[in-house]
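**Student:** What follows is a single structure, and I will ask about it in a moment.
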Amino acid sequence: MKHRLSQILSRLARTKPGFTERTVLSLLPVGAPLWVFLQPGQESVRWFLMMVMALIVLLFIAVAFLLPITLRLTQGRQKKKPQVPAPAAAPELPPPDPLLDTVESASVEVADEDLAATQPGLRSIRAEREPETLPASGPRPAHIGWQIAGLSDTGLRRELNEDSMLMWETDMPCGLYVVADGMGGHDAGEVASRLTINAIQQHFTQHPPTDAAVSDEWLTEAVTTANEMVLANQGDRTQERKMGSTLVMALVANGQAHIANVGDSRAYRLSQAGIEQISVDHSLVERLVQIGQLTREEARTHKQKNVIYSTIGDKEDMDVGFYHIALQPGDRLLLCSDGLSGMLTDDEILAISRSQPDPAAACRSLIEAAKRAGGHDNITAIIVQMDGG
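Residues in the sequence shown are numbered consecutively from 6, following our numbering.
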């Protein structure tokens, strides 16, 4: 082999003057393997090496071309996998507002069906049986120039009815009407609302107004009595577990309504001219409306609409609103919890009221409409309808 290689190199050197034997030998690292393939008797080695090279080429093709295609196909299948729907969650009650752990809308209590509105006494009814709406109205004595009806319903979302209402009339030519919306949970709201109306009734009995001109001072004393009674019964409840109640009350005498409110239970006057909200809520959204940061419509659906800053039983000092209005023949005074006003717009309340001449039927229609709108809370309504008109 060395002899033949020497002959080849000598021949190249003679035919190619630029090629020396050293130059050709410098190519051996590259040329030697190829030269080996051409040698006789090396077929088996040559075919083996060719097969190895072919496999290397095929492997390169697989890596260079097939792998990217495989990756693309795999990614495409993953994208087309159907999304497994999340298991449907069970319906939940609306979560309590984070800023209002102890201030929730309260449930309502309803008067027994056999309680006539003319019978003096406390019209505070506990909804211990199936939720229903019951009127508390009846024939009127000659010295009372108005009709009344009071209705209440637990609503569709609450288990307890924590609201209370009071319709109190005596031989005096006046009437006292109260809606209290309790809060606190674990039946504390029911206790707070009942304590509130009991205290108001007690104040009326022990200190009846001496004339038709009921003063803010008399109303203040009534509200203060209720506040002190609830505070005295807080026991060892922590701030987070305190019971409390909203309040809207009206003392009606000689065609006048003398109104006080704490919280977001409301008083409306409904007349031929339309509907007018008399009381002003002690709520966060009401303040935002007053300073122009929210519209009335935005306030109705605001997530903090239930946050109130003044309640019966929270602290000694509280905000109280006082209002004195004239009631004309045919006018209606509506007292209600936010289970009604929070579900129906003012226009809806007015339209339903006008569709029902009888105050008890009007109360029932209002409550049924609030339930159709969602019934998220307990619902209480008292209507005082002036004769005539």
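Each residue gets a CB set at the ideal place from its N, CA and C atoms; glycine is no exception. Fair warning: this is a prediction, and the values are worked out from it, not measured in the lab.
Looking at the strands, I want to know which residues DSSP matches up with M172.
**Tutor:** To locate residue 172, count along the sequence shown from 1; it is residue 167. M172 pairs with Y182.
**Student:** What is the rounded straight-line gap between the Cα of R246 and the Cα of G189?
**Tutor:** Position 241 of the sequence shown, counted from the first residue, corresponds to residue 246. Position 184 of the sequence shown, counted from the first residue, corresponds to residue 189. The straight-line gap from Cα to Cα measures roughly 6 Å.
**Student:** Is there at least one non-hydrogen atom of the ligand SAH closer than 7 Å to the beta-carbon of A154?
**Tutor:** With respect to the ligand SAH, the structure offers nothing, as it holds no ligand at all.
**Student:** So who's on the other strand from E281, going by DSSP bridges?
**Tutor:** Walking along the sequence shown from the start, residue 281 turns up at place 276. According to DSSP, which records beta bridges pairwise, E281 is partnered with R274.
**Student:** Roughly how many angstroms lie between the CA atoms of A193 and T215, to the nearest whole one?
**Tutor:** Within the sequence shown, residue 193 is the residue found at index 188, counting from 1. Within the sequence shown, residue 215 is the residue found at index 210, counting from 1. For A193 and T215, the distance between alpha carbons rounds to 35 Å.
**Student:** What is the residue span of the alpha helix (DSSP H) that S198 lies within?
**Tutor:** The residue you call residue 198 lines up with position 193 of the sequence shown. Run containing S198: 193-211, per the alpha helix (DSSP H) assignment.
**Student:** Specify the secondary structure class of Q361 as computed by DSSP and reduced to three states.
**Tutor:** Start at 1 with the first residue of the sequence shown, and residue 361 comes out as number 356. Coil.
**Student:** Where do the N-terminal and C-terminal ends of the beta strand (DSSP E) with M391 fall, by residue?
**Tutor:** Translated into positions along the sequence shown, residue 391 becomes position 386. It spans 384-391 - the beta strand (DSSP E) in which M391 sits, taken as one unbroken run.
**Student:** Using only CA atoms, which one of R337, P362, A375, V290 lies nearest to G347?
**Tutor:** For this step, residue 347 is matched to residue 342 along the sequence shown. Checking every option, the nearest Cα to that of G347 belongs to A375.
**Student:** Hey, could you find the ends of the alpha helix (DSSP H) N238 is sitting in?
**Tutor:** As a working mapping, residue 238 is identified with position 233 in the sequence shown. It is not in any alpha helix (DSSP H) - N238 carries neither H nor E in the DSSP assignment.
**Student:** How is Q295 classed by DSSP in three states: helix, strand or coil?
**Tutor:** By one-based count along the sequence shown, residue 295 stands at place 290. If DSSP states are grouped into helix, strand and coil, Q295 belongs with the helices.
**Student:** Taking the alpha helix (DSSP H) that L252 falls in, what are its first and last residues?
**Tutor:** Locating residue 252 in the sequence shown gives position 247, counting from the first residue. Note, L252: premise wrong, no alpha helix (DSSP H); beta strand (DSSP E) at 252-258.
**Student:** To the nearest angstrom, how far is the alpha carbon of V312 from that of E373?
**Tutor:** Position 307 of the sequence shown holds residue 312. Position 368 of the sequence shown holds residue 373. In a straight line, the C-alpha of V312 is about 25 Å away from that of E373.
**Student:** So, are the CB atoms of G180 and I153 less than 8 Å apart?
**Tutor:** Here the question's residue 180 lines up with position 175 in the sequence shown. Here the question's residue 153 lines up with position 148 in the sequence shown. The answer is yes: Cβ separation under 8 Å.
**Student:** Could you please give the first and the last residue of the uninterrupted beta strand (DSSP E) stretch that includes L339?
**Tutor:** The residue you call residue 339 lines up with position 334 of the sequence shown. Start and end: 337-341.
**Student:** If I'm right that Q333 touches S284 with Cβ under 8 Å, what's the distance once you round it to whole angstroms?
**Tutor:** Taking the sequence shown and counting its residues from 1, one reaches residue 333 at position 328. Taking the sequence shown and counting its residues from 1, one reaches residue 284 at position 279. Incorrect: roughly 19 Å between the Cβ atoms, too far for contact.
**Student:** Classify D352 as buried or exposed, calling it buried when 16 or more other Cβ atoms lie within 10 Å of its own Cβ.
**Tutor:** Numbered from its first residue, the sequence shown carries residue 352 at position 347. Counting Cβ neighbours within 10 Å, D352 comes out exposed, since fewer than 16 surround it.
**Student:** Where does V149 sit, in a helix, a strand or coil, going by DSSP?
**Tutor:** Residue mapping note: residue 149 aligns to position 144 of the sequence shown, counting from 1. Reading off the sequence, residue 149 comes out as Ile, not Val. Here I149 sits in coil by DSSP.
**Student:** What would DSSP say about L165, mapped onto helix, strand or coil?
**Tutor:** As a working note, residue 165 is residue 160 in the sequence shown. Reduced to three states, the DSSP call for L165 is coil.
**Student:** Between the C-alpha atoms of A258 and R301, what's the straight-line distance to the nearest angstrom?
**Tutor:** Here residue 258 refers to the residue found at position 253 when the sequence shown is read from its first residue. Here residue 301 refers to the residue found at position 296 when the sequence shown is read from its first residue. Each residue's Cα considered, the two are about 32 Å apart.
**Student:** Determine whether the beta carbon atoms of A185 and L252 lie at a separation below 8 Å.
**Tutor:** The residue given as residue 185 occupies position 180 in the sequence shown. The residue given as residue 252 occupies position 247 in the sequence shown. It is a contact, given that the beta carbons lie within the stated cut-off.
**Student:** Which residue's Cα is closest to the Cα of M254: G344, Q211, W52, T225?
**Tutor:** Along the sequence shown, one-based indexing puts residue 254 at 249. Taking only the C-alpha atoms, the option nearest M254 is T225.
**Student:** With DSSP collapsed to three states, give me the class of V312.
**Tutor:** As a first step, residue 312 is located in the sequence shown; it is residue number 307 there, counting from the start. V312: coil per DSSP, three-state reduction.
**Student:** Tell me M188's beta-bridge partners as DSSP assigns them.
**Tutor:** Counting from 1 along the sequence shown, the entry for residue 188 is found at position 183. DSSP, once it has assigned bridges, lists G249 as partnering M188.
**Student:** Between the Cα of L371 and the Cα atoms of A204, L64, Q261, G155, which residue gives the shortest distance?
**Tutor:** In the sequence shown, residue 371 corresponds to position 366, counting from 1. Minimum Cα distance to L371 is reached at G155.
**Student:** Output needed for V183: all residues of its chain with C-beta closer than 6 Å, excluding positions within five of it in sequence on either side, in chain order.
**Tutor:** For this step, residue 183 is matched to residue 178 along the sequence shown. L171, I202, I205, M254.
**Student:** Provide the residue span of the alpha helix (DSSP H) that contains A304, from first to last.
**Tutor:** For this step, residue 304 is matched to residue 299 along the sequence shown. Run containing A304: 301-306, per the alpha helix (DSSP H) assignment.
**Student:** In terms of alpha-carbon separation, which member of G379, E321, A378 lies closest to P236?
**Tutor:** In the sequence shown, the residue the question calls residue 236 occupies position 231. The displayed chain sequence assigns Leu, not Pro, to residue 236. The shortest Cα separation from L236 among G379, E321, A378 belongs to E321.
**Student:** In angstroms with no decimal places, state the Cα-to-Cα distance between S358 and T350.
**Tutor:** Locating residue 358 in the sequence shown gives position 353, counting from the first residue. Locating residue 350 in the sequence shown gives position 345, counting from the first residue. Those two C-alpha atoms are separated by around 12 Å.
**Student:** Below 8 Å between beta carbons: does that hold for V325 and V228?
**Tutor:** Here residue 325 refers to the residue found at position 320 when the sequence shown is read from its first residue. Here residue 228 refers to the residue found at position 223 when the sequence shown is read from its first residue. Contact flag set, yes.
**Student:** Rounded to whole angstroms, what's the CA-CA distance from G379 to A265? Just pull it up for me.
**Tutor:** Residue 379 sits at position 374 when you count from the first residue of the sequence shown. Residue 265 sits at position 260 when you count from the first residue of the sequence shown. The alpha-carbon atoms of G379 and A265 are separated by roughly 28 Å.
**Student:** Compare the C-alpha of H148 against each of P362, A272, M177 and name the closest.
**Tutor:** Translated into the one-based positions of the sequence shown, residue 148 becomes position 143. Among P362, A272, M177, the Cα nearest to that of H148 is on M177.
**Student:** Given a threshold of 16 other Cβ atoms within 10 Å of its Cβ, counted over all protein chains shown, does K310 qualify as buried or as exposed?
**Tutor:** The residue given as residue 310 occupies position 305 in the sequence shown. It counts as buried.
**Student:** Can you say whether P213 is buried or exposed, counting buried as having 16 or more other CB atoms within 10 angstroms of its CB?
**Tutor:** Taking the first residue of the sequence shown as position 1, residue 213 is located at position 208. P213 comes out exposed.
**Student:** W151: buried (16+ other C-beta within 10 angstroms of its C-beta) or exposed?
**Tutor:** As a position in the sequence shown, residue 151 is number 146, starting the count at 1. Flag for W151 reads buried.
**Student:** So, with DSSP's three-state summary, where would you put G268?
**Tutor:** Residue numbering aside, residue 268 sits at position 263 when the sequence shown is read from its first letter. G268: coil per DSSP, three-state reduction.
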